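Residues in the sequence shown are numbered consecutively from 1, following full-length UniProt numbering. Structure record follows, encoded as structure tokens.
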Amino acid sequence: MWCVLRDARWRGLLSMRGAEIAGSASYPLTPSPSPRGRGEPSRNLGPRPRVVVPWSPSGPGAVMSRPIAKPKPRGPSALEAIRPFQTRIGLTYFLTFVEDLLELSYPWATGLAIDGLLAHNYWQAAPIIVAWMLRSMFGCFRQMYDTRLYTSVYNAIVTDTILRQRARGVPATTVSARSAMSREFVTFFEKEVPVIFTSVVGIVGSALILFYYDLIIGAVTALLFVPVYLINRVYSRRSLKLNTGLNDQLEREVDIIETADPEAIRQHFIGVQTCRVKLSDAEAFNWTTVEVLSIAVFIAVLVRATYLPSTETGDIFAILVYVWRLMENLDNVPTIVQQIARLVDIRTRIEGGASIEAIGAEIERGQEEDEEEARRI
1 MWCVLRDARW RGLLSMRGAE IAGSASYPLT PSPSPRGRGE PSRNLGPRPR
51 VVVPWSPSGP GAVMSRPIAK PKPRGPSALE AIRPFQTRIG LTYFLTFVED
101 LLELSYPWAT GLAIDGLLAH NYWQAAPIIV AWMLRSMFGC FRQMYDTRLY
151 TSVYNAIVTD TILRQRARGV PATTVSARSA MSREFVTFFE KEVPVIFTSV
201 VGIVGSALIL FYYDLIIGAV TALLFVPVYL INRVYSRRSL KLNTGLNDQL
251 EREVDIIETA DPEAIRQHFI GVQTCRVKLS DAEAFNWTTV EVLSIAVFIA
301 VLVRATYLPS TETGDIFAIL VYVWRLMENL DNVPTIVQQI ARLVDIRTRI
351 EGGASIEAIG AEIERGQEED EEEARRI
């Protein structure tokens, strides 16, 4: 950026800042005394040269630039505490995905074994045996690995939460409650995310395989997804509101107990009970609605499967099992939505403190502003 300085005041500033910028100009840059005694430049100095000065943060151009405000430091995301573990967590999710695919093959492999046994072809039972053994091996390794991994993740998150929020001056009782909530945050990644993987693979995989067996059966089951989505969209908002109220009560629990006020304690636990009952009622209504719709779809598929032309016994068995598995995984959706809503609120709470480094940077920024104000005065 180039600044064109025409006023004699800037020429005087240039002469004081460095002769190398204006040294080539034969025109004197020092302002002459004014008849009025204000130090204004003389009016009869002739044509003024055009002095072009490149902008520099420390040069004369800096006085003409507007100060750029430093961005306010922000605390780290709760997910940053588990970032060092992301590769290992990804491995557990990959193993879970492989397990789910192997389990998804059970109905098909079982139907194949049934047809083979009826035809005295015993080798057709091999796929179900192999799939079952592989899933058992993957499951054993994953479960042992999960425990070692997520205990380390919990230690990292709870330590970070305590240090950040105590540095901000958050009361110890509140920090204690949020540390306990951190356990639920880790449990979500350890328990709930694999359930989400299993449910998604079970729902999508079963629907695709049902399309393979019969287009009408696949279309009927796919139509079920529309009301399920709409119901759970409304339920998610309700669940988030109720979980926020419940966690507010839990954060105040230690303080209320310390008061030893019988009425306050009684009202507190009545409030906790009310929140839990409302959460349970909302989840039960969601589950029951989806279950009724699932029964209607299952009956329609059952009738259609019995009238399929040239369908073997194993195929009918596989179709019914895939429909059953799809309904079973849909039953998990209300619980998953409720857990996600609870996690959203918990994450907001455990991210409530800025990091120690961010607090230090904020103090340093304040000191710099004070020094700048003092220089102006």
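We put the beta carbon where it would ideally sit given N, CA and C, even for glycine. Every value quoted in this text rests on a predicted model; they were computed, and no experiment measured them.
Quiz item: Can you tell me whether DSSP reads V170 as helix, strand or coil?
Solution: coil
Self-check item: CB contact below 8 Å: R168 versus chain B
Solution: Note that chain B does not occur in the displayed structure, where there is just one protein chain.
Self-check item: Completely contained alpha helix (DSSP H) runs for the stretch 185-271, where each covers 4 or more residues
Solution: 193-213, 215-223, 225-251 and 253-259
Self-check item: DSSP-derived helix/strand/coil call for P309
Solution: coil
Quiz prompt | Straight-line Cα distance separating A282 from A109 | solution = 38 Å
Quiz prompt | heavy atom of the ligand ATP below 7 Å from D345 C-beta | solution = This structure lacks the ligand ATP, and indeed carries no ligand of any kind.
Practice problem: Any chance you could list the alpha helix (DSSP H) runs of at least 4 consecutive residues sitting entirely within the stretch 70-153, in chain order? | Solution: 86-104 and 106-118
Quiz item: What's the call for E258, buried or exposed, on a 16-neighbour Cβ count within 10 Å?
Solution: exposed
Self-check item: Under the three-state DSSP convention, the category residue 378 falls into
Solution: Residue coverage of the chain in this structure runs from 1 to 377, which leaves residue 378 outside it and unanswerable.
Exercise. Taking I157 as the reference, give the member of I203, V228, P84 and S105 with the closest Cα.
Key: P84
Quiz item: Grouping DSSP H, G and I as helix and E and B as strand, with all else coil, what is D315?
Solution: helix
Quiz item: Would a C-beta distance cut-off of 8 Å place Y93 and F197 closer than the cut-off?
Solution: yes
Practice problem: Report all residues from its chain with a CB closer than 6 Å to the CB of Q174; omit the five preceding and five following residues, and keep chain order. | Solution: Reading off the sequence, residue 174 comes out as Thr, not Gln. Hits under 6 Å: E251.
Quiz prompt | Contact between the stretch 271-278 and the stretch 324-331 (3+ Cβ pairs under 8 Å) | solution = no
Quiz item: Are V201 and L104 closer than 8 Å when you measure CB to CB?
Solution: yes
Exercise. Compare the Cα-Cα distances from I209 to each of V344, P334 and V323 and report the closest residue.
Key: V323
Exercise. Determine the direct distance from the alpha carbon of C275 to that of P127, and round the result to whole angstroms.
Key: 49 Å
Quiz item: How should E263 be labelled, buried or exposed, when 16 other C-beta atoms within 10 angstroms of its C-beta is the threshold for buried?
Solution: exposed
Quiz item: Whose C-alpha, out of S206, L343 and T161, is nearest the C-alpha of L242?
Solution: L343
Quiz item: Count the other CB atoms within 10 Å of the CB of Q267; is the residue buried (16 or more) or exposed (fewer)?
Solution: exposed
Self-check item: Coil, strand or helix - N332 by DSSP
Solution: coil
Practice problem: Take A207 as the anchor and find which of I336, F298, T348 and T313 has the nearest alpha-carbon. | Solution: F298
Self-check item: Inter-residue spacing [alpha-carbon to alpha-carbon] between L308 and A125
Solution: 24 Å
Practice problem: Report yes if the C-beta distance between Q338 and S239 is below 8 Å; otherwise report no. | Solution: yes
Quiz item: What does a CB cutoff of less than 8 Å around R304 pick up in its chain, not counting 5 residues either side in sequence?
Solution: D214, I216, I217 and V220
Exercise. Determine the burial state of V130: buried for a count of at least 16 other Cβ atoms within 10 Å of its Cβ, exposed for fewer.
Key: exposed
Quiz item: To the nearest angstrom, how far is it from the Cα of A318 to the Cα of N332?
Solution: 22 Å
Quiz item: Near Y145, which residues of its chain fall below 7 Å by C-beta distance, leaving aside the five closest residues on each side in sequence?
Solution: T92
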